[in-house]
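In the numbering used here, the protein residues as written are 191 to 394.
Below: one structure, written as structure tokens.
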Amino acid sequence: MMSEKKWTRKRILQTSFLFMILVIFPLISWYYLRGGLDYRLDALDELEELGTLAAFEWTDQENETFNKEMASGNLLIAGFLPSGELREVYVDNMKKFHEQFDNRTDVYFLTLVPSGNAAQLVSDYEIKDQNQWKWVNIPESQLAAIAATYQLNPEQDPAEWISLVDEKGQIRKHYRIDDKKQLSRLVEHMAILLPRSVPRKKQE
């Protein structure tokens, strides 16, 4: 009688364990995977197709050409260098983005400088990775026209925004440079758009 009772308890434990393995754990996994999928889909829904970035060709801080063809196949994070206090905010946040994606070979950062002193500013702000982060001089008289190529609102200051351009040259979204919530979302959008497997930069 005692051995039969022990056997019954053993069977109950075995059955419970199998139930956990075959039913409960898969349900938990599905729940979390589904939550992650829904989160990813929600983030993708936030991305738009605002238009294709127009062809461009600029001279960067090292007096070398940087154009749309060079950016093709890569994500491009582009912004106009602000003036005043917002400039420090812009540079600080762009440095943080660069640090997060510094090891990627498929991301470019582009700073458009209306003042014509890109090389000096790069030196002043101690920008080390000049291959991935391009600073280019643009004619101040063409600022509005260039901002229009990024589909920025003409009634707003273009220097308050940075733009996400995908690998096909499609402008996907704009983010306020001083809005931490929007900038955090930019990082998530970049992570979603970037392929998981690409050649990585060698760290010096």
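Heads up, the beta-carbon is just placed ideally off N, CA and C, and yes, glycines get one too.
Out of the options, which one is the CA nearest neighbour of residue i?
i    : options                : result
E254 : N327, L265, R294       : N327
A245 : Q251, K258, L237, E236 : K258
Y365 : S273, K324, P304, F287 : F287
D292 : E357, E247, I382, Q322 : Q322
P304 : R294, D314, S331, T295 : S331
Q251 : T242, M284, D314       : D314
Return helix, strand or coil for residue i, following the three-state DSSP convention.
i    : result
L223 : Any reading at L223 must be qualified, since the residue scores a pLDDT of 45, below 50, and its modelled position is unreliable; the value itself is stated next. L223 falls in the helix class under three-state DSSP.
Q290 : helix
N343 : coil
A245 : coil
Y280 : helix
D314 : helix
K363 : strand
S353 : strand
A300 : Strictly speaking, residue 300 in this sequence is Leu, with Ala absent from that position. Note: L300 maps to strand in three-state DSSP.
L266 : strand
D319 : coil
D368 : coil
Round the Cβ separation of residue i and residue j to the nearest angstrom and send it over; I've been treating them as touching at under 8 Å.
i    : j    : result
D368 : V279 : 5 Å
S164 : G359 : Lying before the first or after the last residue shown, residue 164 is absent from the chain, which here runs from 191 to 394.
Is the CB-CB distance between residue i and residue j below 8 Å?
i    : j    : result
F270 : A334 : no
K324 : L342 : no
L265 : L383 : yes
field: the stretch 336-355 contacting the stretch 315-326, beta-carbon criterion three pairs below 8 Å
entry: no
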